[in-house]
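Chains as they are written, first to last, in this note's numbering: chain A, 62 to 210; chain B, 62 to 210.
What follows is a single structure, written as structure tokens, with notes after it.
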DNA sequence: TACCAAATGCAATAAATTACCATCCAACCA
DNA sequence: TGGTTGGATGGTAATTTATTGCATTTGGTA
């Protein structure tokens with residue numbers, strides 16, 4: 062989805078759910094939507110603090126959480142202990158680099174399309190799933206070569 | 062794999078890789094292997110500090126990391142920002158509860174068996190993958206009912 | 001049994017996230 | 001258009017999770 066469409070979606074969802082459409086929320090959505098990778102809250106804060114001086118780190122964390130609740134943004138699991146965010150909420154597999162922690166999309170969107178049951182025998186209700194491919198991005202493989210034993 | 066077999070494996074790997082088989086390592090492996098869910102380092106520390114007074118939190122973190130490096134334990138991604146550990150290193154899908162953060166095994170081990178390419182067009186080298194089913198465990202669904210609107 | 005490198009325990013530190021609260025402003029209404 | 005108000009923000013402090021430095025202890029081996 063384009064950045065403009067995402068802004069449109071943000072506007073509609075804010076209106077229909079009765080939450081304020083603040084400049085910060087617009088800026089955070091823009092910053093997230095224009096990135097091809099899937100940044101952490103802190104990476105977004107770094108991007109934003111230049112463009113919008115006074116933007117608070119707390120606000121970035123808070124707004125992202127709000128977006129997740131509103132279904133505008135998806136939280137992506139990575140192997141590192143920080144949350145990554147994705148403006149594309151449709152189900153698709155991700156690549157995670159074990160070296161630099163970068164998270165990006167796997168091109169083949171039909172890969173790993175599954176039909177999990179709505180409920181397990183144990184009574185665990187399944188509402189979503191994620192397929193994560195783990196390895197080493199091109200950049201890190203190149204560094205690796207230089208320093209490998 | 063049973064807890065005894067896991068201890069056996071630990072012994073063999075320690076010997077072959079030249080690392081010490083300490084009481085702490087045995088205790089941490091036992092504590093992990095006997096749990097059906099996949100605890101965090103801190104949960105294991107809580108379990109262990111009762112049985113083995115003097116056991117240090119640092120040691121738990123450090124030993125788990127060592128086990129991962131030795132291939133004895135797998136680190137499991139969850140939606141929460143903490144690492145979970147699994148003594149079963151074979152590839153299998155996990156269930157993650159959005160409410161309590163608990164991570165456990167999905168019974169159907171053939172579910173989500175994929176064959177990712179070794180390399181993407183972008184030059185990302187794939188070495189592993191994970192399938193994570195997300196939802197609400199039975200316990201949390203019951204609590205939910207009581208407090209739902 | 002004695003040695004030594006590796007492992008441990010403790011304390012301090014770092015990184016990521018959340019809580020708190022005074023101030024501010026987007027949305028709504030007259 | 002100006003006033004009102006409840007939700008949102010910014011800054012700091014606190015919390016949670018994880019890591020590091022260093023002195024002490026100990027498993028493995030001669």
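Think of the CB as a built atom: it goes at the ideal place given N, C-alpha and C, for glycine as much as any other residue.
Please read these numbers as outputs of a predicted model, since none were measured by experiment.
Three-state class that DSSP yields for residue 198(B) in the structure shown: For this step, residue 198(B) is matched to residue 137 along the second chain. Note: residue 198(B) maps to coil in three-state DSSP.
Would a check of beta-carbon distances place residue 183(B) closer than 9 Å to chain A? Position 122 of the second chain, counted from the start, is the residue given in the question as residue 183(B). For residue 183(B), the answer is yes, since a Cβ of chain A falls inside 9 Å of its Cβ.
Unbroken beta strand (DSSP E) runs of length 3 or more, entirely within the region 84 to 138 of chain B: which are they? With a minimum length of 3 residues, the continuous beta strand (DSSP E) runs that stay inside the region 84 to 138 of chain B are 135 to 137.
Measuring alpha carbon to alpha carbon, tell me which of 140(A), 99(A), 92(A), 94(A) ends up nearest residue 135(B). Along the second chain, one-based indexing puts residue 135(B) at 74. Considering only alpha carbons, the answer is 140(A).
According to the Cβ coordinates, are residue 157(B) and residue 146(B) closer than 9 Å? By one-based count along the second chain, residue 157(B) stands at place 96. By one-based count along the second chain, residue 146(B) stands at place 85. No; because the gap between Cβ atoms is not below 9 Å, this pair is not in contact.
For residue 67(B), tell me which candidate among 110(B), 185(B), 93(B), 114(B) has the shortest Cα-Cα distance. Residue 67(B) sits at position 6 when you count from the first residue of the second chain. With distances taken between Cα atoms, residue 67(B) lies closest to 93(B).
Leaving out the 5 sequence neighbours to the left and right, which residues in its chain are closer than 7 Å to residue 131(B) when beta-carbon positions are compared? Along the second chain, read from residue 1 onward, the residue named residue 131(B) stands at position 70. The beta carbon of residue 131(B) lies closer than 7 Å to those of 74, 78 in the same chain, with the five residues before and after it left out.
Please report the residue range of the alpha helix (DSSP H) in which residue 156(A) lies. For the purposes of this step, residue 156(A) is identified with residue 95 of the first chain, where counting begins at 1. Segment 155 to 158 is the beta strand (DSSP E) holding residue 156(A); no alpha helix (DSSP H) there.
Please classify residue 97(B) as buried or exposed, where buried requires at least 16 neighbouring CB atoms within 10 angstroms. Translated into the one-based positions of the second chain, residue 97(B) becomes position 36. By the 10 Å Cβ count, residue 97(B) comes out exposed.
Using CA atoms only, rank isn't needed, just tell me which of 84(B), 202(B), 125(B) is closest to residue 104(B). Here residue 104(B) corresponds to residue number 43 of the second chain, with the count starting at 1. The residue with the shortest Cα to Cα distance from residue 104(B) is 125(B).
By a C-beta neighbour count over all protein chains shown, 10 Å radius and 16 as the cutoff for buried, is residue 199(B) buried or exposed? Counting from one through the second chain, the residue named residue 199(B) turns up at place 138. Residue burial is scored here from C-beta neighbours: residue 199(B) has fewer than 16 other C-beta atoms within 10 angstroms and is therefore classed as exposed.
For residue 161(B), the first and last residue of its enclosing alpha helix (DSSP H): Against the second chain, residue 161(B) aligns to sequence position 100. No alpha helix (DSSP H) contains residue 161(B), which DSSP labels as neither H nor E.
In or out: residue 81(A) buried (at least 16 other Cβ within 10 Å) or exposed? The residue given as residue 81(A) occupies position 20 in the first chain. By the 10 Å Cβ count, residue 81(A) comes out exposed.
Span of the beta strand (DSSP E) holding residue 146(A)? As a working note, residue 146(A) is residue 85 in the first chain. First-last of the beta strand (DSSP E) with residue 146(A): 145 to 147.
8 Å CB neighbourhood of residue 180(B) in its chain, flanking five on each side removed: Here residue 180(B) corresponds to residue number 119 of the second chain, with the count starting at 1. So the list reads 186, 187, once near-sequence residues are dropped.
Please decide whether residue 140(A) counts as near chain B, where near means a Cβ-Cβ distance under 9 Å. On the first chain, position 79 is the one that residue 140(A) refers to. Yes - at least one Cβ of chain B is within 9 Å of the one on residue 140(A).
Sheet register partners of residue 191(B) (DSSP bridge): Taking the second chain and counting its residues from 1, one reaches residue 191(B) at position 130. According to DSSP, which records beta bridges pairwise, residue 191(B) is partnered with 193(A).
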